[in-house]
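Note sheet for the following structure.
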DNA sequence: AGCATTGTTTCACA
DNA sequence: TTGTGAAACAATGC
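Below you can see the structure in the form of structure tokens.
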């Protein structure tokens, strides 16, 4: 599930329901999800504190503890993670109330009996103290026009690979990249450095629109192109059969007629 | 059985 | 040194 829109919903859920509650117990026993920490390390650092602010850049979330006096807690949803606060599940309300304890990879228990859980079937999510943010580019939803031109519009890599490079721009994953490129009518194969300023501006406008829409509607799955991202799928605008290929290491669908 | 999967990190190679 | 791309990672579903 998680790309920028899902992560933003998770952050908003924690901002609304996870702050200002005393942490009395931490389950950080999953050594892969909590790597490189040892079990008990995160617990020792934040038990007795409370989360006081919820931040996000791209797909990374982090939370201040005790108004900045304590360490920050970083959470990443990986490929299939969700955040549960009490009975609410961020990013997938349809699963609200379902319990799958084996998939709970990291849990904060609060003094009022409630809890915040990182639930992740795939186990590629992360929970760490003081996550490094220096390797991340500007958030895709907030990057300025000039920064977007300078950062995205260079290099020989295919445009889609550049869009998904988290050090260039943070938050765009496979589905959002396909949706954005389709909306902007640009081929994922174009060398990023070969785009004109007009094309880059159009790309940024459509990227922001795709992000806003996905946040409002509930996730990247609500994208117009995304529903047609299957073998034999056709362009929702012109009906041409979509091309399918691996670009930037991920399966990519695009309209060979409109996206040039 | 085999392949694919919405993310990130690591490593090989130009 | 920098940039690019493939493989590995964990686990599940088709």
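Residue numbers (this note's numbering): 117 to 376. The beta carbon of each residue, even a glycine, is placed where N, CA and C say it ideally should be.
Residue i, buried or exposed, once every other Cβ within 10 Å from all chains shown has been counted against 16
i: residue 346; result: exposed
i: residue 154; result: exposed
i: residue 238; result: exposed
i: residue 377; result: Because the chain is modelled from 117 through 376, residue 377 falls outside the range shown and cannot be assessed.
i: residue 376; result: exposed
i: residue 242; result: buried
i: residue 119; result: buried
i: residue 267; result: buried
i: residue 295; result: buried
i: residue 313; result: exposed
i: residue 130; result: buried
i: residue 262; result: exposed
i: residue 210; result: A caution first: residue 210 carries a pLDDT of 49, below 50, which makes its placement in the model unreliable, though a value can still be read off. Exposed, since its Cβ has fewer than 16 Cβ neighbours within 10 Å.
i: residue 64; result: Since the first residue shown for the chain is 117 and the last is 376, residue 64 is missing from the structure and cannot be characterised.
i: residue 351; result: buried
i: residue 150; result: buried
i: residue 195; result: exposed
i: residue 160; result: exposed
i: residue 330; result: buried
i: residue 328; result: exposed
i: residue 332; result: exposed
i: residue 188; result: buried
i: residue 246; result: exposed
Bounding residues of the alpha helix (DSSP H) (the contiguous stretch that carries residue i)
i: residue 331; result: 313 to 333
i: residue 261; result: 261 to 268
i: residue 296; result: 290 to 300
i: residue 279; result: 275 to 280
i: residue 141; result: Careful: residue 141 lies outside any alpha helix (DSSP H), inside the beta strand (DSSP E) at 139 to 143.
i: residue 128; result: 120 to 133
Test item: CB-CB of residue i and residue j under 8 angstroms
i: residue 172; j: residue 122; result: no
i: residue 244; j: residue 190; result: yes
i: residue 370; j: residue 274; result: no
i: residue 146; j: residue 156; result: no
i: residue 377; j: residue 359; result: The first residue shown for the chain is 117 and the last is 376, placing residue 377 beyond what the model contains.
i: residue 235; j: residue 225; result: no
i: residue 176; j: residue 249; result: yes
i: residue 252; j: residue 283; result: yes
i: residue 94; j: residue 299; result: Nothing about residue 94 can be reported from this structure: the residues present for the chain run from 117 to 376 only.
i: residue 291; j: residue 336; result: yes
i: residue 287; j: residue 174; result: yes
Extent of the continuous beta strand (DSSP E) run through residue i
i: residue 243; result: 242 to 245
i: residue 239; result: From DSSP, residue 239 is part of no beta strand (DSSP E); its letter is neither H nor E.
i: residue 303; result: Element bounds for residue 303: n/a, residue is neither H nor E.
i: residue 151; result: Neither: residue 151 is in no beta strand (DSSP E) and is coded neither H nor E.
i: residue 363; result: 359 to 363
i: residue 347; result: Element bounds for residue 347: n/a, residue is neither H nor E.
i: residue 366; result: 366 to 370
Quiz prompt | Minimum length 4: unbroken alpha helix (DSSP H) runs contained in the stretch 154 to 236 | solution = 157 to 162
Practice problem: Mind the definition here: the stretch 308 to 320 touches the stretch 343 to 363 only if three or more C-beta pairs lie below 8 angstroms; say whether that holds. | Solution: no
Quiz item: Between the stretch 156 to 168 and the stretch 180 to 190, are three or more C-beta pairs nearer than 8 angstroms?
Solution: Because the criterion of three Cβ pairs below 8 angstroms is met, the stretch 156 to 168 and the stretch 180 to 190 touch.
Quiz item: Do the stretch 253 to 264 and the stretch 275 to 289 meet, that is, are 3 or more Cβ pairs less than 8 angstroms apart?
Solution: These segments touch.
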